[in-house]
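Colleague:
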Amino acid sequence: MMRLFCLAVASLLLGSGRAHAQQGGIADAYQTAGGAAALKVTEWRADRKTVLSRQLAGLPADVKDVFVARAGETLKMTWPLLTAGGYLEFSVNGNRSRYETVFNKRRFMLKDLVIGELLERKGRFLPMIADGIWLICEESTWSLPATLDVDRKGYGLPQPEDPIVDLTVAQTAVLLAWTNFLLKEGLDQVNKNFSARIKVELEKRVIEPFNNHNDFWWMGFTGRKPNNWNIYCNYYMLMTALLAVDDQVKRDHVFEKAIRSADIFFFSYPQDGGCDEGPKYWNMAGGTLGMFIKTLADLSEKRINFTNIRKMHDIGSYLSKVHVGGNSFVNFADATVVCSADPAKLFAFGTLYNDLSLKQFAAYFFKSNWNGAQKIQSDEINVFLHNLMLADTLLRIEPGAPLKEVNWLPDLQIVSAREKQGSEGGLFFAAKGGHNAESHNHNDIGNFVLFLDGKPMIIDVGIGTYAKETFSEDRWKIWNIRSLWHNCPLINGQQQPNGSKYVADKVQFRSDGRKTFFTLDLAKAYAPEAGVSRWLRSFIYDRKTPALEMREDYGLSVSRGPTELSFITHLPLNRLGDGLVIIGNGSKRLKMKYNPLQFDFDLATQELKDPRLIQPWGKQVQRIILRFKHNTLKGSHSVRFSVTQ
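Numbered per my numbering, the sequence shown spans residues 674 to 1318.
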């Protein structure tokens, strides 16, 4: 009877037949395999405990020592206090970092203690683990002020009787679920009520609101386009139910609703598999989708099969197409120029699609980022455990990054090109078209970046520390989000506005053995006030020279304000004469050449105070300004970048 009831729930949620699930999606694959009947939860749980126990026991002593020592240092700490005043600060002055720092510290402390206990198994950390569980369970909400404000605008303080499920709720749920799943026997020795308390709080704060609500914005059921929150929350809901929910009806309900919601995320993705939020967000977006479908495949002993879904494979391959080398990536949108890829997420796609290059890419990040005692990523318990389970496998695989000569994402309209296939050295170029309503959007149509031997030269500044205005209408006032501080033109004094109607037009791409060509018309990226009827920006990348030439051909209806080209760098500049600028101070530098009869040279400096921007760029960035000398309504020009010793 229970199984029949579960199947009835599945029918209501997903439709009574395959025709109701959009073809080629997650729900389609799930139904084809038989739905909930295909899931082997008991077997999955037993297998995970066996594998994790073996992997934990088999870790080298130096690796164990690092994590146990970290847990030992945590024992000396005091659990931080969360206050109502701290929570209210976001609604009073927009600061979100101070409360978030304390909130996250509790969770990092608990995570480190749990890892230490899993490795040492002497019970030394259990009393403090129990305290951490108690404190987190006593919190009025697991939502941060900024995330709560998205669903409950203007609440200021949470209302515990009206819990929501969001990003940090899902993260907290998984941390507690894994803790109970792996340490229940030890917690029972402290007091048997700890395990029960965890399950009560998970039911009240997570399972019930998830099952009973369709209006959380990230779910996609209200028509709002989803972003990384969707798949991240759905994956962590899947994991929480899998680890902690024993009621089969409730668990299947969570699985099936998460699948429906995750499909909305998947179908919203461009066909080329590109992540418009930028590579930093791939771990939380496309990469987490890989973990979601890999979990379903594992649960069903591969009966749920995604190998015929090409777009899913392309989502897994996206990072390699915007990878410069090492930990450097093309950082359009709210991305950072240096970020790390989660090896387990890359390996999930590599396994599902039997793609050796993705498996090697996973090994590349595993081995390069966590050498010796720092071998396993541990920023989250879920990430740590999945990388732990793969450690032996990843160490056996020959590491490698695809580093293709040319990559083209036609839907995102992003191109990248490098001097030599397989090499991180030389001149690297990337540019974008797109539109100004992308997720985590910057107004940056026509923007480009240049790297030399893996070091950024012409840069995208990226995003600073998140604050209240970052995700409000005031976002477009932030200097490093506006087009003026991207490598984009200022036309008749006008910057690019935000909105989906501001787009790249007439986009063309082609590449041969020597040159890569990328052309787009920027006219529609500007409001009518700019008076621009044509602004053809063409990039010609020559890998043999190597050099990049940017050519522009424009037509204006009026001339009523300054028109400028901008080029952003954090490096020292040396003007050798009219029309020639040397960028950088290393043994190899970038030479920028322009026609001084067409442009006046100027320079603007932006002092940096945000630690998130100081880390990659130093204390300031500079905007090289080429200001038009002549107010002509049509014309053409070029700027050339080449390598000099």
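Beta carbons are placed, not taken as given, at the ideal position from N, Cα and C, and that holds for glycine. Please read all numbers here as calculations on a predicted model, not as lab measurements.
Who does R1262 pair with in a DSSP beta bridge?
Modeller: Answer is T1317.
Colleague: At 4 residues or longer, and completely inside the region 833–902: list those alpha helix (DSSP H) runs for me, N to C.
Modeller: With a minimum length of 4 residues, the continuous alpha helix (DSSP H) runs that stay inside the region 833–902 are 840–863, 866–875, 881–885.
Colleague: Along the chain, which unbroken stretches of the beta strand (DSSP E) at least 3 residues long are found entirely within the region 1198–1278?
Modeller: Complete beta strand (DSSP E) runs here, min 3: 1205–1215, 1220–1229, 1237–1242, 1246–1250, 1253–1256, 1262–1266.
Colleague: Tell me which residues share the same chain as T1066 and place their Cβ nearer than 8 Å to its Cβ, disregarding the 5 neighbours each side in the sequence.
Modeller: The residues are F1020.
Colleague: Between I844 and A931, what straight-line distance do the alpha-carbon atoms span, to the nearest angstrom?
Modeller: Going by the sequence as given, residue 844 is Gln instead of Ile. Looking at the two C-alpha atoms, the distance is approximately 15 Å.
Colleague: Using the DSSP secondary-structure output, state which residues sit across from E1280 in a beta bridge.
Modeller: According to DSSP, E1280 bridges with Q1293.
Colleague: Using C-beta distances below 8 Å, list every residue in its chain close to L686, excluding the 5 sequence neighbours before and after it, in chain order.
Modeller: Low local confidence applies: a pLDDT of 45 at L686 is under 50, so the model's placement there is unreliable, and no value is given.
Colleague: Kindly indicate which residue of D1028, R870, G1107 has the alpha-carbon position closest to the one of E812.
Modeller: Cα-wise, what sits closest to E812 is R870.
Colleague: Quick one: Cα of L1123 to Cα of L1286, how far?
Modeller: The alpha-carbon atoms of L1123 and L1286 are separated by roughly 18 Å.
Colleague: Please confirm whether any heavy atom of the ligand SAH lies closer than 8 Å to the CB of P818.
Modeller: With respect to the ligand SAH, the structure shown offers nothing to examine, as it has no ligands at all.
Colleague: Just to confirm the assignment, what range does the beta strand (DSSP E) spanning Y1175 have?
Modeller: Looking at the DSSP string, the run of the beta strand (DSSP E) that includes Y1175 is 1172–1176.
Colleague: What would DSSP say about I982, mapped onto helix, strand or coil?
Modeller: Residue state, collapsed to three classes: coil.
Colleague: Does the region 823–833 come within contact of the region 749–761, defined as at least 3 CB pairs closer than 8 Å?
Modeller: The region 823–833 is in contact with the region 749–761.
Colleague: Under 6 Å Cβ to Cβ from N1171, same chain only, skipping five residues before and after it: list those, please.
Modeller: For N1171, where only same-chain residues beyond five positions count, the Cβ hits under 6 Å are N1109, N1116, W1149.
Colleague: When DSSP labels each residue in this structure, what does F1034 get in the three-state scheme?
Modeller: Residue state, collapsed to three classes: helix.
Colleague: Residues bridged to V1011 by DSSP?
Modeller: According to DSSP, which records beta bridges pairwise, V1011 is partnered with S1001.
Colleague: Please report the straight-line C-alpha distance between R1323 and A1200, rounded to a whole angstrom.
Modeller: This structure cannot speak to residue 1323, because the chain is shown only from 674 to 1318.
Colleague: Going by DSSP, what residue range makes up the alpha helix (DSSP H) through L1025?
Modeller: Residues 1016–1025.
Colleague: Under 8 Å Cβ to Cβ from L754, same chain only, skipping five residues before and after it: list those, please.
Modeller: Same-chain partners within the cutoff: V775.
Colleague: Hey, how far is the Cα of K1302 from the Cα of A1203?
Modeller: Each residue's Cα considered, the two are about 18 Å apart.
Colleague: Give, in chain order, every unbroken run of the alpha helix (DSSP H) that is at least 4 residues long and sits entirely within the region 896–983.
Modeller: Within the region 896–983, the complete alpha helix (DSSP H) runs of at least 4 residues are 901–917, 921–941, 959–972.
Colleague: Looking at the structure shown, is T1066 part of a helix, part of a strand, or coil, going by DSSP?
Modeller: Looking at T1066 - three-state DSSP - the assignment turns out to be helix.
Colleague: Which residues in the same chain as D1178 place their Cβ atom closer than 6 Å to its Cβ, once the five residues preceding and following it in sequence are excluded?
Modeller: Contacts found: D1194, K1197.
Colleague: For A819, write down the residues that DSSP places opposite it in a beta bridge.
Modeller: Paired residue(s): none; A819 is not in a bridge.
Colleague: Which residue marks the beginning of the alpha helix (DSSP H) containing A702, and which one marks its end?
Modeller: First-last of the alpha helix (DSSP H) with A702: 699–705.
Colleague: Taking the alpha helix (DSSP H) that A1140 belongs to, which residues open and close that run?
Modeller: Neither: A1140 is in no alpha helix (DSSP H) and is coded neither H nor E.
Colleague: Report all residues from its chain with a CB closer than 6 Å to the CB of L1270; omit the five preceding and five following residues, and keep chain order.
Modeller: For L1270, where only same-chain residues beyond five positions count, there are no Cβ hits under 6 Å.
Colleague: Inspect the beta-carbon positions of L1061 and L783 and report whether they are closer than 9 Å.
Modeller: Cβ distance not < 9 Å, so L1061 and L783 don't count as in contact.
Colleague: Count the C-beta pairs between the region 712–720 and the region 966–981 that are closer than 8 Å, then say yes if the count reaches three, no if not.
Modeller: Because the criterion of three Cβ pairs below 8 Å is met, the region 712–720 and the region 966–981 touch.
Colleague: Just to confirm the assignment, what range does the alpha helix (DSSP H) spanning F798 have?
Modeller: No alpha helix (DSSP H) holds F798; DSSP gives it neither H nor E.
Colleague: Measuring alpha carbon to alpha carbon, tell me which of K1141, F1057, G1119, K1040 ends up nearest R1069.
Modeller: Answer by Cα proximity: K1040.
Colleague: To the nearest angstrom, how far is it from the Cα of Q1318 to the Cα of N1304?
Modeller: When rounded, the distance between both Cα atoms is 36 Å.
Colleague: Let me check understanding here. Comparing Cα to Cα, which of L1306, L1281, Q704 lies closest to Q1295?
Modeller: Answer by Cα proximity: L1281.
Colleague: Check the DSSP bridge columns for P1129 and list the partner residues they point to.
Modeller: Bridge partners of P1129: F1124.
Colleague: Which first and last residues belong to the beta strand (DSSP E) in which K1188 is found?
Modeller: That run of the beta strand (DSSP E) goes 1188–1194.
Colleague: Quick one: what's got a C-beta closer than 7 Å to G698's C-beta in the same chain, skipping five residues either side?
Modeller: Taken in chain order, the residues that qualify are D936, F939, F940.
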